[in-house]
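> Would you mind keeping the following structure in view while I ask a few things?
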Amino acid sequence: MKNHPATKLFDVPHPHTFLVIVLGLVLSTAVCSAADKKIVVGFSQIGAESGWRTANTDSIKSEAAKRGIDLKFADAQQKQENQIKALRSFIAQEVDVIAFSPVVETGWEPVLKEVKKAGIPVILTDRAVDVSDKSLFVTFIGSDFVEEGRRAANWLAKATGGKAVIAELVGTPGSAPAIDRKKGFEEVLAKNPGMKIVKSQSGDFTRAKGKEVMESFLKSPDAKQITALFAHNDDMALGAIQAMEEAGVQPGKDILIVSIDGVRGAFEAMAAGKLNCTVECNPLIGPQLFDAAEAVLAKKALPKRTAVQEGVYEQSQAAAELPNRKY
Ligand code: AHR
Numbered sequence: 110m111k112n113h114p115a116t117k118l119f120d121v122p123h124p125h126t127f128l129v130i131v132l133g134l135v136l137s138t139a140v141c142s143a144a145d146k147k148i149v150v151g152f153s154q155i156g157a158e159s160g161w162r163t164a165n166t167d168s169i170k171s172e173a174a175k176r177g178i179d180l181k182f183a184d185a186q187q188k189q190e191n192q193i194k195a196l197r198s199f200i201a202q203e204v205d206v207i208a209f210s211p212v213v214e215t216g217w218e219p220v221l222k223e224v225k226k227a228g229i230p231v232i233l234t235d236r237a238v239d240v241s242d243k244s245l246f247v248t249f250i251g252s253d254f255v256e257e258g259r260r261a262a263n264w265l266a267k268a269t270g271g272k273a274v275i276a277e278l279v280g281t282p283g284s285a286p287a288i289d290r291k292k293g294f295e296e297v298l299a300k301n302p303g304m305k306i307v308k309s310q311s312g313d314f315t316r317a318k319g320k321e322v323m324e325s326f327l328k329s330p331d332a333k334q335i336t337a338l339f340a341h342n343d344d345m346a347l348g349a350i351q352a353m354e355e356a357g358v359q360p361g362k363d364i365l366i367v368s369i370d371g372v373r374g375a376f377e378a379m380a381a382g383k384l385n386c387t388v389e390c391n392p393l394i395g396p397q398l399f400d401a402a403e404a405v406l407a408k409k410a411l412p413k414r415t416a417v418q419e420g421v422y423e424q425s426q427a428a429a430e431l432p433n434r435k436y
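Heads up, the sequence shown is in my numbering, so the first residue is 110 and it goes up one at a time.
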């Protein structure tokens, strides 16, 4: 039917023009929604075992919020099985990137293969995994734990002139920091025959367990010979300080203490003369994690490993450094 000139409101476009308009609309909607789409990152955290871990969680959560990233955060309560479950649930939720800090080093290959099959890139933070297929993760952002162990031992060697009878509070068994810090520490001891470890037990990186294990060290018949304590983290050292005080031993004087992390509590203990040295392990890696997540989604190449810059602090620096501590 033809339009009558008097009643015609607009020209009916050619069918091809219609097609072009519709396609244009569909495309622009798709482009807009792709640009607006939030990046979804699934993060499996170890737990809340230490002040360090709390600072690490805060850094990750606050950076995700700052960048408008949709963060699916799961707390594994220090259990590998919970982390494996979390990784599987991130696959089911089809997140864009999976990141995690593995509680222990081994046992990850099967679940990481599932993640790879789902086509989701993996970023490791803080702790590494022991896998033969390195393509199972894109990059690892974390500290050099072996070097931290060396730094602790070097400080002790200098402070004691190479003579020390050492008690050691080890971190979580099978975890990268416990394995590597011990390795680095013992590497330096091998060059200092006057320094030996006489007691060594896990305090699981917690203050309560550090206290409990130190109490048992101090009750042993040969407790009097201990001249130094090496704690794999500050929280265990802080627990041990309490145990020493309750047993009438002066922490930082009767027994020299070196630990790792650099948390505020350690600086306060140093300022009070109860802790002698803390080797820094920086937990504020949220910005680096999301830089890496954004880069991997933009198909940019990433280094397999990114180290974190860290220092060593002793009592004389504690008061001046305290106001600068961010965790
Ligand atoms: O993996 C880092 C270690 O884990 C920190 O030294 C410790 O405090 C934490 O629990």
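Heads up, the beta-carbon is just placed ideally off N, CA and C, and yes, glycines get one too. For clarity, every value in this text was computed on a predicted model and none was experimentally measured.
1) Measure the alpha-carbon distance for N385 versus V224 and round it to whole angstroms.
2) Can you tell me whether DSSP reads R236 as helix, strand or coil?
3) Quickly, what does DSSP pair K308 with across the bridge? List them, please.
4) Restricting to Cα atoms, I'd like to know which of V212, V372, A378 is closest to N433.
5) Alpha carbon to alpha carbon, how far is S241 from N457? Give it in angstroms, no decimals.
6) Helix, strand or coil for F399, going by three-state DSSP, please let me know.
7) Going by alpha carbons, who is nearest to G251 out of L411, M353, L233?
8) Identify the residues that DSSP records as bridge partners of D184: which are they?
9) I need the boundaries of the alpha helix (DSSP H) containing T163, first residue and last residue.
10) Would you kindly report the start and end of the unbroken beta strand (DSSP E) that includes S284?
11) Under a three-way DSSP split, which group does V405 fall into?
12) Closer than 8 Å: is that where the CB of A208 sits relative to any heavy atom of ligand 1?
13) With 16 as the cutoff for other CB atoms within 10 Å, does P392 come out buried or exposed?
14) Using the C-alpha atoms, what's the distance from D370 back to T387?
15) Go ahead and pull the three-state DSSP assignment for E214.
16) Tell me, to the nearest whole angstrom, how far the beta carbon of E256 is from that of G280; I am working on the premise that it is less than 8 Å.
17) Do L196 and S153 have their C-beta atoms closer together than 9 Å?
18) For the beta strand (DSSP E) that I148 lies in, which residues bound it at each end?
19) Could you check what DSSP says for P360 in three-state terms: helix, strand or coil?
20) State yes or no: is the C-beta of G177 nearer than 8 Å to some heavy atom of ligand 1?
Once the coordinates are examined:
1) Rounded to the nearest angstrom, the two C-alpha atoms are 44 Å apart.
2) Coil, per DSSP.
3) Per DSSP, A276.
4) N433 has its Cα closest to that of V372, out of V212, V372, A378.
5) For the chain, the structure presents residues 110 to 436; residue 457 sits outside this window and is missing.
6) F399 falls in the helix class under three-state DSSP.
7) The candidate whose alpha carbon is nearest that of G251 is L233.
8) In the DSSP assignment, D184 forms a beta bridge with Q154.
9) It spans 160–176 - the alpha helix (DSSP H) in which T163 sits, taken as one unbroken run.
10) Careful: S284 lies outside any beta strand (DSSP E) and carries neither H nor E.
11) Looking at V405 - three-state DSSP - the assignment turns out to be helix.
12) Not under cutoff, so the answer is no.
13) So P392 counts as buried.
14) If you take the alpha carbons of T387 and D370, they lie about 7 Å apart.
15) In the structure shown, E214 sits in coil (DSSP, three-state: anything other than H, G, I, E or B).
16) The C-beta distance from E256 to G280 rounds to 16 Å, too long to fall under 8 Å, and the pair is not in contact.
17) At a Cβ-Cβ threshold of 9 Å, L196 and S153 count as neighbours.
18) Here I148 belongs to no beta strand (DSSP E), and DSSP marks it neither H nor E.
19) The three-state secondary structure of P360, taken from DSSP, is strand.
20) G177: no, Cβ never under 8 Å from ligand 1.
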